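Heads up, the sequence shown is in our numbering, so the first residue is 307 and it goes up one at a time. Even glycine gets a Cβ: it sits at the ideal position worked out from N, Cα and C. Bear in mind that the values here come from a model prediction, so they are computed numbers and not experimental data. Inspection log for the structure reproduced underneath, given as structure tokens.
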Amino acid sequence: MCDADSGCVPKGCSVDQNNRIGCGYFRLNIYQFRQCYQPGKQEDEDEEVAWIKCAENYTCSAECIRVLGSRFRVKCYGKSDCETLARIHDGGANGCRDRYARFSLCNLT
307 MCDADSGCVP
317 KGCSVDQNNR
327 IGCGYFRLNI
337 YQFRQCYQPG
347 KQEDEDEEVA
357 WIKCAENYTC
367 SAECIRVLGS
377 RFRVKCYGKS
387 DCETLARIHD
397 GGANGCRDRY
407 ARFSLCNLT
């Protein structure tokens, strides 16, 4: 997913197909950062600052994607681990309920 999202380099932020701002290695958006329990955020740190710092840090952003996959995988019954992560990353909590016509990251390997 990192290769598909950014070429696996932190390229700053851009607007995604859903008109949300995604940043860093995985084009992490603020909603995903909130749903993965804001890893790395300090108690007194501004949420947007923490989100961008996490998105620009490979370890933090990869952990966020893993947490999202763990949280919402029950909705992806019968899907491979790769497809589950890709669907949740691209489509959010209901990614496994939506059509998956955009592309299949799992077939790129």
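Would you report the Cα separation of Val373 and Asn325, rounded to the nearest angstrom? Across the structure, Val373 and Asn325 are spaced so that their CA atoms are roughly 23 angstroms apart.
When DSSP labels each residue in this structure, what does Gly398 get in the three-state scheme? Here Gly398 carries a helix assignment [DSSP, helix/strand/coil].
Could you pull out every residue in the same chain whose Cβ sits closer than 6 angstroms to the Cβ of Lys381, ignoring the five residues on either side in sequence? Cys402
State yes or no: is the C-beta of Gly346 within less than 7 angstroms of the C-beta of Cys360? yes
Closest by CA to Thr365, which one among Val321, Ser320, Phe332, Asp322? Looking at the Cα atoms, Phe332 is the closest of the given residues.
Given Ile327, which residues of its chain have a CB within under 8 angstroms of its CB, disregarding the five upstream and five downstream residues? Cys319, Ser320, Val321, Asn335, Ile336
Could you check whether Pro316 and Glu362 sit closer than 7 angstroms to each other, using their CB atoms as the reference points? Yes, they are a contact pair.
Quick one: grab the DSSP three-state call for Val315. In this structure, Val315 counts as coil in the three-state DSSP scheme.
Ignoring anything shorter than 3 residues or poking outside the stretch 320-401, list the beta strand (DSSP E) runs there in chain order. 327-329
Spatial neighbours of Arg379 within its chain, please: C-beta separation below 6 angstroms, excluding the five flanking residues on both sides. Here the set comprises Thr390.
Considering Cα atoms alone, identify which of Glu349, Cys329, Arg377 is closest to Gln341. Relative to the Cα of Gln341, the nearest Cα in the group Glu349, Cys329, Arg377 belongs to Arg377.
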